[in-house]
Structures are given as C-alpha cells and as structure tokens.
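**Q**
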Amino acid sequence: NNLVPILVLVLLTATYAAFVMGGASLLPERVAVHFGMNGQADGWANRSEATMFFEILNFVPAIFLVLALVMQVMPTGAFNLPNRDYWLAPERRAQTVADISRQLIWMGCLMVLFLAGIFWLTIQPNRLAPPHLPMSNFLLLLAAFLTATAVWTTLFLRRFFKQPPQT
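If you use the numbering used here, the sequence shown corresponds to residues 1 to 167, in order.
(1) Would you mind listing the alpha helix (DSSP H) stretches within the region 42-105 that are 4+ residues and don't spill past its ends, in chain order?
(2) Does the Cβ of Gly117 lie closer than 6 Å to at least one heavy atom of the ligand FMN?
(3) Can you round the beta-carbon distance between Ile105 and Leu65 to whole angstroms, since I take them to be within the 8 Å contact cut?
(4) Candidates Ala50, Met111, Leu139, Thr96: which alpha carbon is nearest Pro61's?
(5) Measuring only the C-alpha atoms, how far is Phe54 from Leu115?
(6) Can you have a look at Leu26 and say buried or exposed, based on whether 16 or more other CB atoms are within 10 angstroms of its CB?
(7) Taking 8 Å as the threshold, find out whether the region 27-45 comes into contact with the region 71-88 through three or more Cβ pairs.
(8) Alpha carbons only, please: which of Phe59, Ala94, Ser101, Phe79 is nearest the one belonging to Val68?
(9) Give the C-beta separation of Val8 and Cys109 to the nearest angstrom, bearing in mind that I take them to be a contact with Cβ-Cβ under 8 Å.
(10) Please report how far the alpha carbon of Phe160 lies from the alpha carbon of Asn2, in whole angstroms.
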C-alpha cells in the first residue's frame, strides 16, 4: 500500500535531478550560493561545485525511503510511539509500520519539493548583476515548507495519539 508514495518520490527525485542538470546551464561560472539577511550574496562556488552540491542533496529524500524500508525489520523497542504496545501488537504491527513508512516517504516527497524550490531560488538571483535574493521569496518558500511540515506532523501524530480501545 506504499506503492503510490514510492512512485511519487522516485518521479520527484528524477525530476529534481533533471531540473538541476538542466538548470546548471542557467547559472554563471561564479555562482552565489549563500545570501545574507539583506539578500546580498556572501558565499560563492563555481558552477560545477554548485551543481554537484544540489545533486548530492538529492540523496536526502532517499534517506526517508531507506528508513521506511528498514522499519519493516526494526524491533518494537526501537519505536517511540504513544501507546506503542497497542500499535505494535502482532495483529496491528504490519499496518502500523506500513502507515509510518508511508508517512516517511511522503516527507521525502516534501523534501524534494523544498530542495527544488531552493535550487530555483539559487538560479533566479544569479541571473542578476550583482546577484540579489529577494528575502520575501525565500521566506515564502520556507513558510510553505514549515506549514506543510506542521500539517504532516499533525496528521502523523493524530494517528497514534488516538486512545486505543479499552479491552
């Protein structure tokens, strides 16, 4: 039942990789990669270093997929859940682990989208002379990511904070 989020994550990851490789040509040879609070560039790299950095970041979402797969074999004591004994009882364990795995994969998808946004925010200011990042764009992306993360966290925790039926 985790096939859909896995496929979405793989598709997003491949799209992000293609976006970085294609977007590299839009970067100047000397790339502003860090910006101060005023939006002025204060950190630099060459184009190949910047591109390699963003490609390496593509492995971050893969960590969520690996965690989701490893969870299948983790002992019950490795889980930190409210009402752990209830949720990980033998008759519910498979469904609980599948639910947690699915949520981790969706978080990986969210990370890919955030990384793509950061890369886009790296391309745009580097097309200006001198490079300048409008902080409102960064703050908007950050707010969207934090809001989505808060929604993800709320949905994740709500599932396990439900009081188990009394036996």
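Ideal Cβ placement from N, Cα and C applies to all residues, glycine included.
**A** By the coordinates alone:
(1) 47-56, 59-70, 84-87
(2) The ligand content of the structure shown is nil, which means the ligand FMN is not present either.
(3) Mapped onto the sequence shown, residue 105 falls at position 105. Mapped onto the sequence shown, residue 65 falls at position 65. Yes, they are in contact, since the Cβ atoms of Ile105 and Leu65 sit about 6 Å apart, within 8 Å.
(4) Reading the sequence shown from its first residue, position 61 is the one you call residue 61. Measuring from the Cα of Pro61, the nearest candidate turns out to be Met111.
(5) Counted from its first residue, the sequence shown places residue 54 at position 54. Counted from its first residue, the sequence shown places residue 115 at position 115. Looking at the two C-alpha atoms, the distance is approximately 8 Å.
(6) Within the sequence shown, numbered from 1, the residue matching residue 26 stands at position 26. Leu26 is exposed by the Cβ-count criterion.
(7) no
(8) Indexing the sequence shown from 1 puts residue 68 at position 68. Reading the sequence as shown, one finds Ala at residue 68 and not Val. Here the closest residue by C-alpha is Ser101.
(9) Numbered from 1 along the sequence shown, position 8 holds the residue referred to as residue 8. Numbered from 1 along the sequence shown, position 109 holds the residue referred to as residue 109. The Cβ separation is near 5 Å, so the contact holds.
(10) For the purposes of this step, residue 160 is taken as residue 160 along the sequence shown, with counting starting at 1. For the purposes of this step, residue 2 is taken as residue 2 along the sequence shown, with counting starting at 1. Spanning the two alpha carbons is a distance of roughly 18 Å.
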